[in-house]
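*Asks:*
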Amino acid sequence: MKRFIPVLVVGLTVFFMGLAGCEDTYSSAVKYGMRTDPLMIAAQPGDLGQDVYDPDRPGLLPLFKAQDVLVPENPMSAKGMELFATNKLRDPMLIPADFRQKAEEALTAMFGTPLDPKVEGIEPAAREKLKLDDKELKEGSRLYRIHCVHCHGVAGNGHGPTSRWINPHPRDFRQGLFKFMSVDQTVKSNRPPRREDLYHTLKNGIEGTGMAAFSPLLKPEQLNPIVSYVIHLSIRGKAEFDFISDAFDYTFDKATGFKVVAKEGLEPAGVAEALKEYLNLNISKWIESQDPKEAIQVPAYDWNYNKKDPKQPEAGEWKIWKDQKDDAKKALIRGAIARALFNNEKPSLPEAAEILEMRGEDPKAVDCKQCHTDYGRQAKFKFDQWGTLVRPNNFTNGVFRGGRRPVDIYHRVHSGISGSGMTPFGKTLSTNSIWDMVDFVQALSYPAMRSKLGVQID
Amino acid sequence: MNKFWGIVFAVVLAVCGLSFVVSPWMGWGLPEGVSTHAVAVDNLWYVILWITGFFFFLTEAILVAFLFLYSGEPGAKKPQRATGVPPALSSLGAILHDPHRIEMAWTLIPSIILLYIAFAQIGTWAEVKYQKNMPEFGKKEGNATIVPLQVDVSARQFEWRIRYPGHERFTHWLKGDKADAADFASFAKKPQADDVHLVNELHTWTGEPTVVFLTTRDVIHSFNIPVMRVKQDALPGKTIPVWFVPTQANTAKVGDAFVDGKRFKGKANDKGIYEYAKNASGQFDFDAEPANVWDLPCAELCGWGHYRMIGRVYVHPSQEQFLEWLEKAEKEAHARTGSR
Chain A
30 MKRFIPVLVV GLTVFFMGLA GCEDTYSSAV KYGMRTDPLM IAAQPGDLGQ
80 DVYDPDRPGL LPLFKAQDVL VPENPMSAKG MELFATNKLR DPMLIPADFR
130 QKAEEALTAM FGTPLDPKVE GIEPAAREKL KLDDKELKEG SRLYRIHCVH
180 CHGVAGNGHG PTSRWINPHP RDFRQGLFKF MSVDQTVKSN RPPRREDLYH
230 TLKNGIEGTG MAAFSPLLKP EQLNPIVSYV IHLSIRGKAE FDFISDAFDY
280 TFDKATGFKV VAKEGLEPAG VAEALKEYLN LNISKWIESQ DPKEAIQVPA
330 YDWNYNKKDP KQPEAGEWKI WKDQKDDAKK ALIRGAIARA LFNNEKPSLP
380 EAAEILEMRG EDPKAVDCKQ CHTDYGRQAK FKFDQWGTLV RPNNFTNGVF
430 RGGRRPVDIY HRVHSGISGS GMTPFGKTLS TNSIWDMVDF VQALSYPAMR
480 SKLGVQID
Chain B
161 MNKFWGIVFA VVLAVCGLSF VVSPWMGWGL PEGVSTHAVA VDNLWYVILW
211 ITGFFFFLTE AILVAFLFLY SGEPGAKKPQ RATGVPPALS SLGAILHDPH
261 RIEMAWTLIP SIILLYIAFA QIGTWAEVKY QKNMPEFGKK EGNATIVPLQ
311 VDVSARQFEW RIRYPGHERF THWLKGDKAD AADFASFAKK PQADDVHLVN
361 ELHTWTGEPT VVFLTTRDVI HSFNIPVMRV KQDALPGKTI PVWFVPTQAN
411 TAKVGDAFVD GKRFKGKAND KGIYEYAKNA SGQFDFDAEP ANVWDLPCAE
461 LCGWGHYRMI GRVYVHPSQE QFLEWLEKAE KEAHARTGSR
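If you read the protein sequences in the order shown, they are chains A and B.
With the numbering used here, letter number 370 in the first sequence gets 399, and the count goes up by one each step, no holes.
With the numbering used here, letter number 333 in the second sequence gets 493, and the count goes up by one each step, no holes.
As structure tokens, then:
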């Protein structure tokens, strides 16, 4: 008996360790499953609720179940069930069971399982361009399970076990929206990112959030499969999203409650075909984004810019720039231009006012201050398109989530940040004004630079 | 049958002894030390290892011996209480007969040993940790003026955010002009627009000191470079300096890129700093096979990502190559063209 107990303890320990297994892939029993959490179909981020000063408490956002919107502490509860009644949120659990079952089967047939991911139903050329072959996806899935799933969730829904405690919340890939991209969003909005953008996020992390840098721990031959897998999760989630939001009519009647019916002509047997169509529509957008011609063009500052007549550079801004005695004076003018645009005020220097006139730009159309109140120091939290609260950047901190290089900030000003309230200014502002703005916001966190630009923020 | 536990403990002791003996050939020992701190730190490590190892084997051997000698069968007569002292230890009879003296002996002897260790390590601790011993700006060493590399390392969950001075500013400091002392001293607390920011990459060069100003943005982390024998907790609210002088390099220029993990051909001078031979084209010679990947793993549990909070240390073989790298890194960090 004396010897039995220690042997039993050792034996049980070894047994339970053995149960854990030696595999680092998903178990074959794990499935993606149909989503059960509400979809956000907000047209404007502000549709979901008011701007607030405080962030949300853990576990409230994003919504896990439709009923959670009624929890009093939930920042969305002010709008309550009205959000569902006005179709700003859609509850997938209301979809008829036979359609849900067919959708789940079709999604499994098209996208596989976490252990064996695949993408069926698209052109081989598209699969090759986006690197979505089975081998790449399998390796990506294995690495994702080790490094990413605890925040981003099995289906890439941002609902992993750690996610509850992280603010800003981990990205939900299923809407096909990504924030920090180098794809021109002024041509069309909400375009998918390039592979390089996702790679950049993995490699460098996102400063100021819980997304850490994975380089040098993971090498390029490991980061690239993860990029492929993230794309896989995103296109799977988006096909599901488009199907749920687009293929059904959602109505609310005070007497009878919510009713969800399939749109005219859609039968359970046609679900697989419908999903395939949604997938291919999305794939074509992804393919288009990979084209280098669709990347944001970043020209250098043009001291000879003449908006009214590009063929006459000597009649343009150069008239003013050439009269400045040194670079210091030029910097002051550029700072004045940017500050006027930022705060929607009259420029503090006459040269700046002249240049803004020549460029045909009205500070009213820019007015960064309305979101980045007091240079971001008093900005309020706003709802984004994922149904979480985020705050416009505080530039005095010197933290730039999408990257701190000047070209990164140029991308943000030019094409905005998809999903958040940051709008693209690429069509509103000239290249020169964007560069003025980039140098201005970069300088905001450095007192010495602020004085060079003649900027007073206190 | 009752010898079962005696056998178990004897086997465990034998395995410990065997692994201790074979560890150098199995690579289980300390990693190669590549800083000037390494000699003193490793010496202390070995002194403590031998002292504690000796007492470990002594006490465990006595335990195993007792387990064998006094393991009786159930129901057997209890062994007689030993009244005499074993012949081998008869000279210690005066102490061993008196319980009070035995207690004093095995309290005093460990105390003396511990006090010895405590005093033996003071010098090394002061050398490595005291701020008055840290490298200074513009210290003269023979004909050379030493200007240490200053790096600001800001730990955060789960990466190392590293800030270097700009290339122009740093080359200016290298002149060692006393007028630059104030600017040099301001680096730690005052970021500047021309600073170069990187993630998880700590670059330096051999032969001269590097001073790291360590901060944390959230919880306690620990800055740890095993091969340099430096370890320092990063405490919220504090800026803590850490310094070391690398003696070997591991980063080679291959074409236009800087690649780590290389083993250079050269030998140590009388200060222990490696001097690397250049080949006919004036380039440093290194082995193609990567062997010298030096990690910067966090050494204080900081959350779920602690396991992968690992940076990399790149030691260039000369100051010139480091400056070349810094210039390149600065261009990339302040890029105004391109996409990714």
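We treat Cβ as the ideally placed atom computed from N, Cα and C, and that holds for glycine.
In this text the structure is predicted, and so the values were computed from the model without any measurement.
(1) Going by C-alpha distance, which of D355/B, S231/B, W464/B and L173/B is nearest G213/B?
(2) Can you check whether the C-beta of V436/A is within less than 7 Å of a C-beta belonging to chain B?
(3) Give the residues from the segment 481–499 of chain B that approach chain A closer than 9 Å (Cβ to any Cβ), ordered along the chain.
(4) Taking G327/A as the reference, give the member of S170/A, E133/A and I438/A with the closest Cα.
(5) Are the CB atoms of P297/A and K60/A within a distance shorter than 7 Å?
(6) Apply the 10 Å Cβ neighbour rule to T196/B and answer buried if 16 or more other Cβ atoms are within range, or exposed otherwise.
(7) Should the segment 106–113 of chain A be regarded as contacting the segment 78–98 of chain A, the criterion being three or more beta carbon pairs within less than 8 Å?
(8) Would G367/B be called buried (16 or more neighbouring beta carbons within 10 Å of its own) or exposed?
(9) For the alpha helix (DSSP H) containing A248/B, list its first residue and its last residue.
(10) Short of 6 Å in beta carbon distance, which residues of its chain neighbour I385/B, apart from the five on each side in sequence? Order them along the chain.
(11) Using a threshold of 7 Å, state whether the C-beta atoms of V395/A and L378/A are closer than that.
(12) Pick out whichever of E157/A, F113/A, I362/A and P197/A has its Cα sitting closest to the Cα of I316/A.
(13) From the DSSP secondary-structure annotation, give me the bridge partner or partners of H476/B.
(14) Going along the chain, which residues of the segment 323–345 of chain A sit with their C-beta nearer than 8 Å to a C-beta in chain B?
(15) Going by DSSP, what residue range makes up the alpha helix (DSSP H) through H176/A?
(16) Report yes or no: is there a C-beta of chain A within less than 7 Å of the C-beta of A315/B?
(17) Whose Cβ in chain A lies nearer than 7 Å to the Cβ of G465/B?
(18) When you compare the CB of N372/A with every CB in chain B, is at least one pair closer than 7 Å?
(19) Whole-angstrom Cβ separation of V359/B and R323/B, contact assumed at under 8 Å?
(20) Consult DSSP for E133/A and reduce its assignment to one of helix, strand or coil.
(21) For P84/A, collect the residues of the same chain with a Cβ closer than 7 Å to its Cβ; drop the 5 residues on either side in sequence, then sort them by chain order.
(22) Going by beta-carbon coordinates alone, are L227/B and G189/B separated by less than 7 Å?
(23) My assumption, with CB atoms under 8 Å, is that L362/B sits in contact with V311/B. Please give the rounded CB distance.
(24) Can you tell me where the beta strand (DSSP E) holding K117/A begins and where it ends?
(25) Return the CA-CA distance between S480/A and F383/B, expressed in angstroms with no decimal places.
(26) Along the chain, where does the alpha helix (DSSP H) that runs through S263/A open and close?
(27) Which of helix, strand or coil does DSSP assign to F429/A?
(28) Counting contacts by CB-CB distance shorter than 7 Å, is N162/B in contact with chain A?
(29) Please confirm whether N360/B has its beta-carbon closer than 7 Å to some beta-carbon of chain A.
(30) Residues in the segment 304–333 of chain B with C-beta within 9 Å of chain A's C-beta atoms, listed in sequence order?
(31) In whole angstroms, what separates the C-alpha of Q481/B from that of K425/B?
(32) Just tell me which of G448/A, T238/A, T280/A and V148/A has its CA closest to the CA of E319/B.
(33) Which residues share a DSSP beta bridge with L68/A?
(34) Once the 5 residues before and after P191/B are set aside, which same chain residues still bring their CB inside 7 Å of it?
(35) From what residue to what residue does the beta strand (DSSP E) around L206/A run?
(36) Kindly indicate the opening and closing residues of the alpha helix (DSSP H) around P184/B.
*Replies:* Here's the rundown:
(1) For this step, residue 213/B is matched to residue 53 along the second sequence. Looking at the Cα atoms, L173/B is the closest of the given residues.
(2) Working through the first sequence from its first residue, we reach residue 436/A at position 407. The beta-carbon of V436/A is placed less than 7 Å from the nearest beta-carbon of chain B.
(3) E492, A493, H494, A495, R496, T497, G498 and S499
(4) What you label residue 327/A is simply residue 298 of the first sequence in a count that begins at 1. As written in the sequence, residue 327/A is Val, which differs from the Gly given in the question. Out of S170/A, E133/A and I438/A, I438/A has the C-alpha closest to the C-alpha of V327/A.
(5) Counting from one through the first sequence, the residue named residue 60/A turns up at place 31. Counting from one through the first sequence, the residue named residue 297/A turns up at place 268. In this structure, K60/A sits away from P297/A, with a CB-CB distance that is not shorter than 7 Å.
(6) One-based indexing of the second sequence puts residue 196/B at position 36. Buried, by the Cβ-count rule.
(7) yes
(8) Counting from 1 along the second sequence, the entry for residue 367/B is found at position 207. It counts as buried.
(9) For the purposes of this step, residue 248/B is taken as the residue at position 88 of the second sequence. No alpha helix (DSSP H) contains A248/B, which DSSP labels as neither H nor E.
(10) Against the second sequence, residue 385/B aligns to sequence position 225. Answer for I385/B: L456 and V473, listed in chain order.
(11) Translated into positions along the first sequence, residue 395/A becomes position 366. Translated into positions along the first sequence, residue 378/A becomes position 349. No.
(12) Sequence index remark: in the first sequence, residue 316/A carries index 287 (1-based). Measuring from the Cα of I316/A, the nearest candidate turns out to be E157/A.
(13) On the second sequence, residue 476/B is found 316 positions in, with the first residue counted as 1. Answer is W365/B, bridged to H476/B.
(14) A324, I325, V327 and A329
(15) Stepping through the first sequence from its first residue, residue 176/A is reached at position 147. Looking at the DSSP string, the run of the alpha helix (DSSP H) that includes H176/A is D163 to H176.
(16) Sequence index remark: in the second sequence, residue 315/B carries index 155 (1-based). No - not a single Cβ of chain A is within 7 Å of the one on A315/B.
(17) As a working mapping, residue 465/B is identified with position 305 in the second sequence. Here the neighbours are A241.
(18) The residue you call residue 372/A lines up with position 343 of the first sequence. It does not; no Cβ of chain B falls within 7 Å.
(19) Counted from its first residue, the second sequence places residue 359/B at position 199. Counted from its first residue, the second sequence places residue 323/B at position 163. With a Cβ gap of about 11 Å, V359/B and R323/B do not count as contacting.
(20) The sequence position of residue 133/A within the first sequence is 104, counting from 1. Here E133/A sits in helix by DSSP.
(21) Here residue 84/A is taken as the residue at index 55 of the first sequence, counted from 1. These residues qualify, in order along the chain: N196, F410 and L418.
(22) Along the second sequence, one-based indexing puts residue 227/B at 67. Along the second sequence, one-based indexing puts residue 189/B at 29. No, the pair does not count as a contact, with Cβ atoms beyond the cut-off.
(23) On the second sequence, position 202 is the one that residue 362/B refers to. On the second sequence, position 151 is the one that residue 311/B refers to. About 7 Å separates the two Cβ atoms, so the contact holds.
(24) For the purposes of this step, residue 117/A is taken as residue 88 along the first sequence, with counting starting at 1. Where K117/A is concerned, there is no enclosing beta strand (DSSP E), because DSSP gives it neither an H nor an E.
(25) Indexing the first sequence from 1 puts residue 480/A at position 451. Indexing the second sequence from 1 puts residue 383/B at position 223. Between the alpha carbons of S480/A and F383/B lies a distance of about 35 Å.
(26) By one-based count along the first sequence, residue 263/A stands at place 234. Per DSSP, S263/A is one residue of the alpha helix (DSSP H) stretching across P249 to D275.
(27) Position 400 of the first sequence holds residue 429/A. Three-state result, F429/A: coil.
(28) The residue you call residue 162/B lines up with position 2 of the second sequence. Cβ-Cβ to chain A under 7 Å: no for N162/B.
(29) For the purposes of this step, residue 360/B is taken as the residue at position 200 of the second sequence. By this cut-off, N360/B is an interface position.
(30) R316, Q317, F318, E319, W320 and R321
(31) Residue mapping note: residue 481/B aligns to position 321 of the second sequence, counting from 1. Residue mapping note: residue 425/B aligns to position 265 of the second sequence, counting from 1. One C-alpha to the other measures close to 16 Å.
(32) The residue given as residue 319/B occupies position 159 in the second sequence. Residue T238/A is the option with its Cα nearest to E319/B.
(33) For the purposes of this step, residue 68/A is taken as residue 39 along the first sequence, with counting starting at 1. Its beta-bridge partners are R119/A.
(34) Indexing the second sequence from 1 puts residue 191/B at position 31. So the list reads P386 and V387, once near-sequence residues are dropped.
(35) Mapped onto the first sequence, residue 206/A falls at position 177. First-last for L206/A: undefined, no H or E at that position.
(36) By 1-based counting over the second sequence, the position of residue 184/B is 24. Start and end: F164 to M186.
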